[in-house]
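As you go down the protein sequences, you meet chains R and D in turn. In terms of our numbering, the first sequence has 82 at position 76, counting the first letter as 1, and numbering is strictly consecutive. In terms of our numbering, the second sequence has 21 at position 15, counting the first letter as 1, and numbering is strictly consecutive. In this text, a Cβ means the ideal position worked out from N, Cα and C, and glycines have one as well. Since we're looking at a predicted model, the values are computed, not measured. Before any comments, here is the structure.
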Amino acid sequence: MSEETLISPEMAAAVGREYEWSTSYPIDASDIRRWAVAMYYPEQPPKLYWDEAYAKTTRWGGIVAPEEFNPFAWMRAEPPGNMGPEASRPWPELNLGIPCPDFKANIFAGLVVNHTGVRMRPGDVIKSAVNLAGYHEKKGRLGLMLFTTREDRWTNQKGELVRVSRSDLIRYL
Amino acid sequence: MTNPYVPSVYIPPTGVVVPKLDPKTVKVGDEIPKLNRYGDYQLWNRYAAVNYEFAGHHMDDSVGHHEGFEAAIGMGPFIHALLHVLLREWVGEERGRVVKVGMQSRRPWIRGRTLSEGGKVTALREENGELIVSLEVWGDNDKGERLVIGEAEVALPA
Numbered sequence: 007m008s009e010e011t012l013i014s015p016e017m018a019a020a021v022g023r024e025y026e027w028s029t030s031y032p033i034d035a036s037d038i039r040r041w042a043v044a045m046y047y048p049e050q051p052p053k054l055y056w057d058e059a060y061a062k063t064t065r066w067g068g069i070v071a072p073e074e075f076n077p078f079a080w081m082r083a084e085p086p087g088n089m090g091p092e093a094s095r096p097w098p099e100l101n102l103g104i105p106c107p108d109f110k111a112n113i114f115a116g117l118v119v120n121h122t123g124v125r126m127r128p129g130d131v132i133k134s135a136v137n138l139a140g141y142h143e144k145k146g147r148l149g150l151m152l153f154t155t156r157e158d159r160w161t162n163q164k165g166e167l168v169r170v171s172r173s174d175l176i177r178y179l
Numbered sequence: 007m008t009n010p011y012v013p014s015v016y017i018p019p020t021g022v023v024v025p026k027l028d029p030k031t032v033k034v035g036d037e038i039p040k041l042n043r044y045g046d047y048q049l050w051n052r053y054a055a056v057n058y059e060f061a062g063h064h065m066d067d068s069v070g071h072h073e074g075f076e077a078a079i080g081m082g083p084f085i086h087a088l089l090h091v092l093l094r095e096w097v098g099e100e101r102g103r104v105v106k107v108g109m110q111s112r113r114p115w116i117r118g119r120t121l122s123e124g125g126k127v128t129a130l131r132e133e134n135g136e137l138i139v140s141l142e143v144w145g146d147n148d149k150g151e152r153l154v155i156g157e158a159e160v161a162l163p164a
C-alpha cells in the first residue's frame with residue numbers, strides 16, 4: 007500500500023527550478039519614508055530613513071531603506087501590472103505549469119532572510135528571482151501538512167546581491 | 007470568547023529608552039531590550055498599506071472567526087519585520103546593520119494582544135572587519151504564550 011503524500015512526481019521533479027522573475031519600479035525616498043513610519047509606529051522613525059541631510063552625515067552617506075523593506079509592493083515594473091504573490095496565490099505550481107495538489111487552507115510557517123550588507127537606496131531597481139527550494143511533509147494536528155520552501159534572491163541594478171530569503175508555506179487538507 | 011473592542015484612537019505606551027549594543031562589553035547571555043507593539047488595526051493597517059497585504063483575516067474579525075481564530079490576526083511577515091526593528095534599536099541603525107533574521111511561527115498574533123519581542127546573545131565572532139553578534143529571538147503575547155521563535159545576526163564595524 008502506498009504512503010499518503012501530496013507531493014506528485016511532477017512536483018518532486020520541479021524542485022530547484024526558477025519560476026518567478028520580477029523587477030521593481032525605482033525605489034522612491036517616499037516609499038522608504040512611508041515604510042519606516044509603518045515599522046516604527048507609534049514612535050517616530052529614525053532620521054536615517056527620511057532626512058537626507060542628516061543621513062549624509064552617517065556611515066551610509068545618504069538615506070537607505072530598512073533592511074526588511076519590500077520594493078515590490080504596489081505592483082511590479084516587470085511583469086507589467088503584476089501585484090506579486092502577496093496579492094495572489096503564493097504557491098508555485100501554477101507558475102511551474104504543473105498540477106497543484108488539493109488542499110483546504112494555507113498558512114505562513116516561517117522566513118529566513120540573509121542581508122548581504124548592500125543597502126537599498128532611493129533610485130535603486132531591484133530584481134527578484136524565485137526558485138522552488140523544496141517540498142517536505144509532516145503529520146501534525148492539522149493532519150498531513152505540505153511544506154513548500156521558496157528561495158528568493160534580490161539583486162540591484164549593479165548586479166550586487168542584496169538579500170536571499172527562504173520562506174515556508176504550509177498547506178493542509 | 008472574543009477580545010474586547012478597542013477604540014481606534016487608543017495608542018498604548020510602548021518601550022523605553024533603549025540602551026545600545028556596546029562592542030567592548032557585549033557577552034553571550036546578554037538580553038536585549040524588548041520591543042512591544044499592541045496588535046490592532048491602527049498598527050496592522052499601516053503595514054498593510056506599505057506591503058500591500060490585505061488578506062481578510064488581517065482586516066476583519068469575522069474572517070478571523072471563520073478561519074478558527076478568536077479575532078483578526080497579525081501578519082507573519084510583519085512580526086518578522088518587527089524583529090528587524092528590535093535588533094536595530096539595540097545595534098543602532100546608523101552604525102550597525104542586520105545580517106540575518108530567521109523566524110518560525112508557533113501561534114497567531116490575535117487582535118487586542120500585545121506582541122513583545124526579545125532576544126539573547128548566543129555567540130560573537132569577527133568576520134571581514136565586522137563584529138557579528140548572533141542572537142536567539144522570540145515574540146510572546148501578553149498572556150505569556152510564545153508566538154514565534156528564531157535566530158538572528160547583527161554586525162558592527164570591528
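Q. Measuring CA to CA, which of D:ARG113, D:GLY98 and D:VAL139 is closest to VAL34 (chain D)?
A. D:VAL139
Q: Go through its chain and collect everything with a Cβ distance to PHE84 (chain D)'s Cβ below 6 Å, but skip five positions before and after it.
A: TYR53
Q) Less than 9 Å separating the beta-carbons of GLY156 (chain D) and GLY80 (chain D)? A) no
**Q.** Alpha carbon of GLU99 (chain D) to alpha carbon of GLY74 (chain D), nearest angstrom
**A.** 39 Å
**Q.** Assigned secondary structure, ALA42 (chain R) (DSSP; H/G/I helix, E/B strand, else coil)
**A.** helix
Q) Rounded C-beta distance between TYR46 (chain R) and VAL136 (chain R)? I'm assuming under 8 Å. A) Not confirmed; about 29 Å, so no contact.
**Q.** Contact belief for ARG172 (chain R) with VAL118 (chain R) at Cβ below 8 Å, rounded distance in angstroms
**A.** 5 Å
(Q) Any beta carbon of chain D sitting closer than 9 Å to that of LEU152 (chain R)? (A) no
Q: Would you kindly work out how many angstroms separate the C-alpha atoms of ALA93 (chain R) and ALA161 (chain D), rounded to a whole number?
A: Only weak support exists for where ALA93 (chain R) lies, its pLDDT of 49 falling under 50; the coordinates are left without a value.
Q. If the cut is a Cβ gap below 7 Å, which residues of chain D does HIS142 (chain R) touch?
A. Neighbours of HIS142 (chain R) on chain D: none; closest Cβ ~14 Å, over 7 Å.
Q | Range of the contiguous alpha helix (DSSP H) that encloses PHE84 (chain D) | A | 82-97
Q.
For the structure I just gave you, are there three or more beta carbon pairs, one from the segment 56-67 of chain R and one from the segment 56-73 of chain D, closer than 8 Å?
A. no
Q: Assuming LEU88 (chain D) contacts ALA158 (chain D) (C-beta within less than 8 Å), just tell me the rounded distance between them.
A: LEU88 (chain D) to ALA158 (chain D), Cβ: 12 Å. No contact.
Q. Does the segment 38-57 of chain D come close enough to the segment 111-123 of chain D that 3 or more CB-CB pairs lie under 8 Å?
A. yes
Q) Is GLY124 (chain D) helix, strand or coil by DSSP? A) strand
Q) Given a threshold of 16 other Cβ atoms within 10 Å of its Cβ, counted over all protein chains shown, does GLY135 (chain D) qualify as buried or as exposed? A) exposed
Q: Could you tell me which chain R residues have their CB closer than 8 Å to the CB of ASN147 (chain D), listed as they occur along the chain?
A: Simply none; closest approach about 17 Å.
Q.
Please tell me whether PHE78 (chain R) and SER14 (chain R) are closer than 9 Å, where the distance is taken between their beta carbons.
A. no
Q) Can you tell me where the beta strand (DSSP E) with TRP97 (chain R) in it begins and where it stops? A) Run containing TRP97 (chain R): none; DSSP gives neither H nor E here.
Q | Spatial neighbours of GLU10 (chain R) in its chain, beta-carbon cut-off 8 Å, leaving aside the 5 residues before and after | A | LEU150
Q) Excluding sequence positions up to five away, which residues of its chain have a Cβ less than 6 Å from the Cβ of LEU12 (chain R)? A) PRO107 and LEU152
Q) How many whole angstroms separate the CB atoms of THR185 (chain R) and LYS133 (chain R), which I take to be in contact at a CB cut-off of 8 Å? A) With chain R represented from 7 up to 179, any question about residue 185 (chain R) goes unanswered, as that position is not in the structure.
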